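Engineer: Mind the numbering: the sequence shown is residues 1 to 350 in full-length UniProt numbering, read in order. Cβ coordinates follow ideal geometry from the N, Cα and C atoms, glycine included. None of these values were measured; they are calculated from a predicted model.
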Amino acid sequence: MPENNEIRTPREGAGTAPEETNAGAAAAWPDISGVPTTPVAPPGGEPVWPDNDLAGVPTTPVAPPGGEPVWPDNDLAGVPTTPVAPPGGEPVWPDNDLAGVPTTPVAPPGGEPVWPGNTFPWPVPPVFPFPPSSPYSSQVRFLNASTNGQDLDVWIDGRNIFSGSTFATVSSYIQVSDGFHTVTVRRTNGPALYRRTLSFISGEKVTMVLLDTPGGITLSRVSDMGCTNIPAGYGCLRVANMSYSGSNYDVRTFNNQIVFGGVGFKEVTTFKQTAAGNYTFFVTASQASLTGFAELPVILLTAITGGCSACMVNDPIMSFGISVRPGRVYTSYIIGNPWSNLYRVYTLES
């Protein structure tokens, strides 16, 4: 405390104290240029500490997406990764590579389902020459009425659909797609006798008749459509002359009534309603142009049977029988000629 109760101001009491300067402030803090700093670990790396620079500090490698986790001192070269199963394959797991893992085979579009342990090939479905029945196809069959003594084959677009046919043989109906197709008739294992591009119309049903010509073979088309509205207890019957050029026939009943008159070569009559039952008809040379005649509009058993022995048909060329069933449709083809000993009536149901 000052003597004699002397009062001093703070300024006077600090008169001899040194003033603060920038030089004095610098001297108060040590120089940090020689002090090592702690390096900062990179993202995902190991922490660091003083006197340990990054050059000697191992970093943890980052596992690839979908791989195994990694740890210090274990580099990726020795770390197995989990293989990824292919789409649709079996799941995989560590230590089991894809070489030993069976994969599930995928069924082809429209094929059968498959399962592990069952391999291809599957049985191939049968291939048909032509498409199945559809609104865009027609039905066609072939009747061999040729008397040339040769076996004949019929081809459509290079496919054999009627092989080794002889006189009075017929194929089944086959489906032919709508449009144009090349029809070829050839001797079996021999040359072609007929080749034409023909049109086939969807929904139609036809019989193609093989006929002789001086130079080979021709085809005559017969429509098998019609006679669909048949009364109960009745069928339908018609006649087609596919014998030889210049021929002309009447078809008569037992009592000499004309059922179909004046049927010329390649002519096909209209259908007639025919009561169900068994019939015998007679084919004669046509006399329709010599006398006026009236055909039976409907064929009835009661109209063509009787006990008159004088009603026999004179000089018939041939006779044929037919059993008519209700709701069925029939065409009786007169085929062949008298000089070949191949002469007959061949009745087909359509």
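1. Do you know how far the Cα of Cys227 is from the Cα of Leu301?
2. Restricting to Cα atoms, I'd like to know which of Val209, Gly179, Gln150 is closest to Ser202.
3. Classify Ala26 as buried or exposed, calling it buried when 16 or more other Cβ atoms lie within 10 Å of its own Cβ.
4. With burial defined as no fewer than 16 other Cβ atoms inside 10 Å of the residue's Cβ, what is the status of Ala232: buried or exposed?
5. Check this for me: beta carbons of Ser165 and Asn189, under 8 Å apart or not?
6. Which word fits Gly246, buried or exposed, when buried means at least 16 other C-beta atoms lie within 10 angstroms of its C-beta?
7. Helix, strand or coil, according to DSSP, for Asn337 in the structure here?
8. Quick check: what's the CA-CA separation for Ile161 versus Ala294?
9. Can you tell me whether Tyr346 is buried or exposed, with buried defined as 16 or more other CB within 10 angstroms of its CB?
10. Given that a residue counts as buried once 16 or more other Cβ atoms are within 10 Å of its Cβ, and exposed if not, what is Thr274?
11. Roughly how far, in whole angstroms, is the beta-carbon of Leu237 from the beta-carbon of Ile299, given that I think they are within contact range, below 8 Å?
12. If you follow the beta strand (DSSP E) that Met242 is in, where does it begin and where does it stop?
13. Distance, Cα to Cα, Ile174 vs Lys205?
14. Considering only the beta carbon of each residue, do Asn241 and Ile317 sit closer than 8 Å?
15. Tell me the rounded alpha-carbon separation between Val313 and Phe320.
Structural biologist: Considering the structure as presented:
1. Against the sequence shown, residue 301 aligns to sequence position 301. Against the sequence shown, residue 227 aligns to sequence position 227. Each residue's Cα considered, the two are about 20 Å apart.
2. Here residue 202 refers to the residue found at position 202 of the sequence shown. Ranking Val209, Gly179, Gln150 by Cα distance to Ser202 puts Gly179 first.
3. As a working note, residue 26 is residue 26 in the sequence shown. For Ala26, the pLDDT reaches just 44, beneath the cut-off of 50, and the residue's location in the model is therefore unreliable, leaving the point undetermined.
4. The count along the sequence shown starts at 1 and reaches residue 232 at position 232. Exposed is the call here.
5. Taking the sequence shown and counting its residues from 1, one reaches residue 165 at position 165. Taking the sequence shown and counting its residues from 1, one reaches residue 189 at position 189. It is not a contact, given that the beta carbons lie outside the stated cut-off.
6. In the sequence shown, the residue the question calls residue 246 occupies position 246. Exposed: under 16 other Cβ atoms inside 10 Å.
7. As a working mapping, residue 337 is identified with position 337 in the sequence shown. Looking at Asn337 - three-state DSSP - the assignment turns out to be strand.
8. In the sequence shown, the residue the question calls residue 161 occupies position 161. In the sequence shown, the residue the question calls residue 294 occupies position 294. Going by the C-alpha atoms only, they are around 42 Å apart.
9. Position 346 of the sequence shown, counted from the start, is the residue given in the question as residue 346. It is buried - the Cβ of Tyr346 has at least 16 other Cβ atoms within 10 Å.
10. Here residue 274 corresponds to residue number 274 of the sequence shown, with the count starting at 1. Buried, because 16 or more other Cβ atoms sit within 10 Å of the Cβ of Thr274.
11. Within the sequence shown, residue 237 is the residue found at index 237, counting from 1. Within the sequence shown, residue 299 is the residue found at index 299, counting from 1. That belief holds up - the Cβ atoms of Leu237 and Ile299 are roughly 6 Å apart, short of 8 Å.
12. Counted from its first residue, the sequence shown places residue 242 at position 242. Looking at the DSSP string, the run of the beta strand (DSSP E) that includes Met242 is 234-242.
13. Position 174 of the sequence shown, counted from the first residue, corresponds to residue 174. Position 205 of the sequence shown, counted from the first residue, corresponds to residue 205. Roughly 10 Å between the two C-alpha positions.
14. The residue given as residue 241 occupies position 241 in the sequence shown. The residue given as residue 317 occupies position 317 in the sequence shown. No, they are not a contact pair.
15. Within the sequence shown, residue 313 is the residue found at index 313, counting from 1. Within the sequence shown, residue 320 is the residue found at index 320, counting from 1. Going from the Cα of Val313 to the Cα of Phe320 covers about 13 Å.
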